[in-house]
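Student: Same order as they appear, the protein sequences are chains R and V.
So the first sequence is numbered by our numbering: it starts at -9 and just counts up by one.
So the second sequence is numbered by our numbering: it starts at -9 and just counts up by one.
Cβ coordinates follow ideal geometry from the N, Cα and C atoms, glycine included.
Number of protein chains: 2
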Amino acid sequence: MIIPPGFASFSEYSDQFLRNVAVDNVIFGYHEKELKVLLQQPYTLEKWTVTGGYIKKTESIEDAASRIAFDRTGIKGLYLKQFGSFGNPQRVIDDGFTPQRIGKITGFELPADSWIFDYFVSVAFYTLTEFSKVESTKGELEADSRWWPVNELPPMMFDHAHIINEALSALRLHIAHFPIGYELLPEKFTLPEIHSLYETILGKSLDDRNFTKKLLLTKIITKLDETRKIGRHRSPFLYKFDKEHYQEGLKSGVALVF
Amino acid sequence: MIIPPGFASFSEYSDQFLRNVAVDNVIFGYHEKELKVLLQQPYTLEKWTVTGGYIKKTESIEDAASRIAFDRTGIKGLYLKQFGSFGNPQRVIDDGFTPQRIGKITGFELPADSWIFDYFVSVAFYTLTEFSKVESTKGELEADSRWWPVNELPPMMFDHAHIINEALSALRLHIAHFPIGYELLPEKFTLPEIHSLYETILGKSLDDRNFTKKLLLTKIITKLDETRKIGRHRSPFLYKFDKEHYQEGLKSGVALVF
DNA sequence: GAAATAGTGTCTGTTAGACACTATTTC
DNA sequence: GAAATAGTGTCTAACAGACACTATTTC
């Protein structure tokens, strides 16, 4: 939706993209036991959107998702997981999103039948990161870009509130089957850290004794001989993932159900 | 890809569809302990394709998938499950699929840069049905349409062999979490029927005692007071799904893992 | 009674889940 | 020794998985 400098016209810009199909990334951020989503407010419209963009004719949908995620977070190689595609004629109908309004804001004269106002299919991905790593940057024509708690979303454009809900369901389902913890945590981490990550994502408290027992029993994590000094109390030991046991276990159907 | 009678030109036909995005349905058929896929051979090309088609500007992706599945199977209301979307610039490159060749076969002059030769994103669904119910019908311009065992596929166009594999993985994962048996079996069925359905889909044998025990213990199925007379031996009792227990159980995370 | 298929009970080892105290560090 | 957080052991009930015989119907 953003027309960067260097392009003379809307069509010169738009010809490089696939039509009627786009990518949306639900970027979850995790910090101090809170789960947030990075949202943008485009064109000074009142409503907010999930991070998204069009797909270049020369790139795969996964590459498009990575590029778009990098543009907003400054992080390369984020773990992106596709969780579904959304498409119906009603999904882009939104009172703030009209050719007149967008034309006025962008300065381009857009024909009312321009394909950017057509119904398009959105291929949706989610990703998860420690949010202090993110340098949130807004696009050229976006009024704002910021983190919102998943439980207190602002008014969302199109069907984006629904997409966020689906992303969260997918994340909670996948955490038992895919190496989400592995992708998210630093190489060395403490038991309290991984424990509260799982509690935050699942939105419920997990018995610490049973949680630890399961991780150690399945050999998914290994205790190191180091501790981390944080605060005036007992220092927690550091752990790391045992990649082989982890991937092997997850492949053969061992599910981390809590 | 099919241009039905009643349309004067390719563009008149093609203008009703979304561009650069399409739907593919992996239609699994189950019969006598065999799992098969319904494939088409379009345009007398040598290779075979999964059932697919374009999305009308007036319909949702789910509606498109249903319409396309109905066109090939004659069955309305098939349970279709989206399992992923596929899109990269390489995916439609195939030596048999050229503007010249397609133009010759269809009788329409297609410009070499026609969008049907562009890279497009495929939203993929699978479905499963008792295959004796299906009246397999081929499209106007398809040479053939037939069932193939999932383990002995013919040469496939584009990335369709990959899509079928992904569909099978998704089916095997989903069978533990979604009401696939419920959608597939007739209202009343026997234990041997549901047993061999699960064995066929999972591709392994399941202990009949443990299998029955689990279904009855979770109250997912209920024994009826009727039997089905089939052959010169003991008649099996009929069972039906207990929809409430089934959906409630599956929602709350009870997985039918075998 | 032979052929064909349906149907079920028991044992064992493992795991999930409930539950509460001790250990370490710093001030 | 108080404050703050880390770390761990035990019991029980439920479940998964291995295993083999009896029941019914028809000819």
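Does the region 180 to 188 of chain R touch the region 214 to 231 of chain R, meaning 3 or more C-beta pairs lie closer than 8 Å?
Tutor: Verdict: yes, contact present.
Student: Please report how far the alpha carbon of A55 of chain R lies from the alpha carbon of W137 of chain R, in whole angstroms.
Tutor: Taking the first residue of the first sequence as position 1, residue 55 of chain R is located at position 65. Taking the first residue of the first sequence as position 1, residue 137 of chain R is located at position 147. Distance between the alpha carbons of A55 of chain R and W137 of chain R is about 19 Å.
Student: Assuming K230 of chain R and E177 of chain R form a contact by the criterion Cβ under 8 Å, report the distance between their Cβ atoms to the nearest whole angstrom.
Tutor: The residue given as residue 230 of chain R occupies position 240 in the first sequence. The residue given as residue 177 of chain R occupies position 187 in the first sequence. Indeed, because the Cβ distance is near 6 Å, the residues count as touching under 8 Å.
Student: Identify whether N78 of chain R lies in helix, strand or coil by the three-state DSSP scheme.
Tutor: Translated into positions along the first sequence, residue 78 of chain R becomes position 88. The answer is coil: DSSP assigns N78 of chain R none of H, G, I, E or B.
Student: Could you check the C-alpha separation between R199 of chain R and D14 of chain R for me, to the nearest Å?
Tutor: One-based indexing of the first sequence puts residue 199 of chain R at position 209. One-based indexing of the first sequence puts residue 14 of chain R at position 24. Those two C-alpha atoms are separated by around 38 Å.
Student: Distance check for T127 of chain R and K209 of chain R, CA to CA, integer angstroms please.
Tutor: By 1-based counting over the first sequence, the position of residue 209 of chain R is 219. By 1-based counting over the first sequence, the position of residue 127 of chain R is 137. If I take the Cα positions, the gap works out to 39 Å.
Student: Could one say the Cβ of Q72 of chain V lies closer than 8 Å to chain R's Cβ atoms, at least one of them?
Tutor: Along the second sequence, read from residue 1 onward, the residue named residue 72 of chain V stands at position 82. Yes, its Cβ sits closer than 8 Å to a Cβ of chain R.
Student: Is DSSP giving S186 of chain V helix, strand or coil here?
Tutor: Taking the second sequence and counting its residues from 1, the one referred to as residue 186 of chain V is at position 196. Reduced to three states, the DSSP call for S186 of chain V is helix.
Student: Spell out the partners DSSP gives L28 of chain R in its beta bridges.
Tutor: Counting from 1 along the first sequence, the entry for residue 28 of chain R is found at position 38. Answer by DSSP bridge pairing, in chain order: R:W137.
Student: Verify the CB distance criterion: does M(-9) of chain V have a CB-CB separation below 8 Å to chain R?
Tutor: Locating residue -9 of chain V in the second sequence gives position 1, where the first residue counts as 1. For M(-9) of chain V, the predicted model reports a pLDDT of 46, less than 50, meaning its position is unreliable; a value from the coordinates is still stated below. Closer than 8 Å: no.
Student: Note down, in chain order, all residues in the region 147 to 170 of chain R with a beta-carbon under 7 Å from any beta-carbon belonging to chain V.
Tutor: Correct list: empty, as no residue qualifies.
Student: Could you list which residues in chain R have their beta carbon closer than 9 Å to that of I51 of chain V, in chain order?
Tutor: Along the second sequence, read from residue 1 onward, the residue named residue 51 of chain V stands at position 61. Per Cβ cutoff of 9 Å: S75, F76, G77, N78, V111.
Student: With DSSP run on the structure shown, which of helix, strand or coil describes E120 of chain R?
Tutor: Here residue 120 of chain R corresponds to residue number 130 of the first sequence, with the count starting at 1. Residue state, collapsed to three classes: strand.
Student: Please check the pair L118 of chain V and L174 of chain V, which I expect to be a contact at CB under 8 Å, by giving their CB distance rounded to whole angstroms.
Tutor: Reading the second sequence from its first residue, position 128 is the one you call residue 118 of chain V. Reading the second sequence from its first residue, position 184 is the one you call residue 174 of chain V. Yes, L118 of chain V and L174 of chain V are in contact; Cβ-Cβ is about 5 Å, under 8 Å.
Student: Which one or two residues does DSSP pair with H21 of chain V in a beta bridge?
Tutor: Here residue 21 of chain V is taken as the residue at index 31 of the second sequence, counted from 1. Bridge partners of H21 of chain V: V:E24.
Student: Residues of chain R with CB under 7 Å from R9 of chain V, in chain order?
Tutor: Position 19 of the second sequence, counting from 1, holds the residue named residue 9 of chain V. Those within 7 Å of R9 of chain V in chain R are R9, N10.
Student: Under 9 Å Cβ-Cβ, which residues of chain V neighbour K47 of chain R?
Tutor: In the first sequence, counting from the first residue as 1, residue 47 of chain R sits at position 57. The answer, in chain order, is N10, P79, D108, Y109.
Student: Quick check: R81 of chain R and Y116 of chain R, are their CB atoms within less than 8 Å of each other?
Tutor: The count along the first sequence starts at 1 and reaches residue 81 of chain R at position 91. The count along the first sequence starts at 1 and reaches residue 116 of chain R at position 126. No, they are not a contact pair.
Student: Just how far apart, CA to CA, sit A157 of chain V and F(-3) of chain V?
Tutor: Mapped onto the second sequence, residue 157 of chain V falls at position 167. Mapped onto the second sequence, residue -3 of chain V falls at position 7. Roughly 34 Å between the two C-alpha positions.
Student: Can you tell me where the beta strand (DSSP E) holding T217 of chain V begins and where it ends?
Tutor: Here residue 217 of chain V refers to the residue found at position 227 when the second sequence is read from its first residue. 211 to 217 is the extent of the beta strand (DSSP E) around T217 of chain V.
Student: Is L70 of chain R near I45 of chain R, with beta carbons less than 8 Å apart?
Tutor: Here residue 70 of chain R refers to the residue found at position 80 of the first sequence. Here residue 45 of chain R refers to the residue found at position 55 of the first sequence. Not a contact, by the Cβ cut-off of 8 Å.
Student: Alpha carbon to alpha carbon, how far is H164 of chain R from V111 of chain R?
Tutor: For the purposes of this step, residue 164 of chain R is taken as residue 174 along the first sequence, with counting starting at 1. For the purposes of this step, residue 111 of chain R is taken as residue 121 along the first sequence, with counting starting at 1. Their Cα atoms are separated by approximately 23 Å.
Student: Got a sec, what are the start and stop residues for the beta strand (DSSP E) I249 of chain V sits in?
Tutor: Any answer about residue 249 of chain V is impossible in this case: the structure gives chain V only from -9 up to 248.
Student: Would you mind working out which of R:W38, R:T63, R:K204, R:T39 sits nearest G19 of chain R, comparing C-alpha positions?
Tutor: As a working mapping, residue 19 of chain R is identified with position 29 in the first sequence. Comparing Cα positions, the closest option is R:T63.
Student: Ordered along the chain, which non-local residues of its own chain (more than five positions away) have a Cβ less than 7 Å from that of S122 of chain V?
Tutor: The count along the second sequence starts at 1 and reaches residue 122 of chain V at position 132. The residues are H21.
Student: Which one of V:K47, V:E2, V:V40 has the shortest CA to CA distance from S135 of chain V?
Tutor: In the second sequence, counting from the first residue as 1, residue 135 of chain V sits at position 145. The shortest Cα separation from S135 of chain V among V:K47, V:E2, V:V40 belongs to V:V40.
Student: Going by DSSP in three states, A(-2) of chain V sits in which element: helix, strand or coil?
Tutor: As a position in the second sequence, residue -2 of chain V is number 8, starting the count at 1. Correct three-state label for A(-2) of chain V: coil.
Student: On the DSSP bridge assignment, give the partners of F179 of chain V in chain order.
Tutor: Counting from one through the second sequence, the residue named residue 179 of chain V turns up at place 189. F179 of chain V pairs with V:Y229.
Student: Helix, strand or coil for Q6 of chain V per DSSP?
Tutor: Along the second sequence, one-based indexing puts residue 6 of chain V at 16. Reduced to three states, the DSSP call for Q6 of chain V is coil.
Student: The alpha helix (DSSP H) that contains F87 of chain R, what's its start and end?
Tutor: The residue labelled residue 87 of chain R in the question sits at position 97 within the first sequence. First-last for F87 of chain R: undefined, no H or E at that position.
Student: Using alpha carbons as the reference points, say which of R:F248, R:G77, R:Q6 lies closest to K203 of chain R.
Tutor: Counted from its first residue, the first sequence places residue 203 of chain R at position 213. It is R:F248.
Student: Using a Cβ-Cβ cutoff of less than 6 Å, which residues in the same chain neighbour V124 of chain V once the five nearest sequence positions on both sides are dropped?
Tutor: Working through the second sequence from its first residue, we reach residue 124 of chain V at position 134. Around V124 of chain V: T63.
Student: Can you give me the Cβ contacts of E24 of chain R inside the same chain, cut-off strictly under 8 Å, excluding the 5 residues immediately before and after it?
Tutor: Walking along the first sequence from the start, residue 24 of chain R turns up at place 34. These residues qualify, in order along the chain: P139, T190.
Student: Do you know offhand how far D255 of chain R's Cα is from P101 of chain R's?
Tutor: Coverage of chain R is limited to positions -9 through 248, which leaves residue 255 of chain R absent and any answer about it impossible.
Student: Provide the residue(s) that pair with E238 of chain V in DSSP beta bridges, ordered along the chain.
Tutor: What you label residue 238 of chain V is simply residue 248 of the second sequence in a count that begins at 1. Paired residues: none, contrary to the question.
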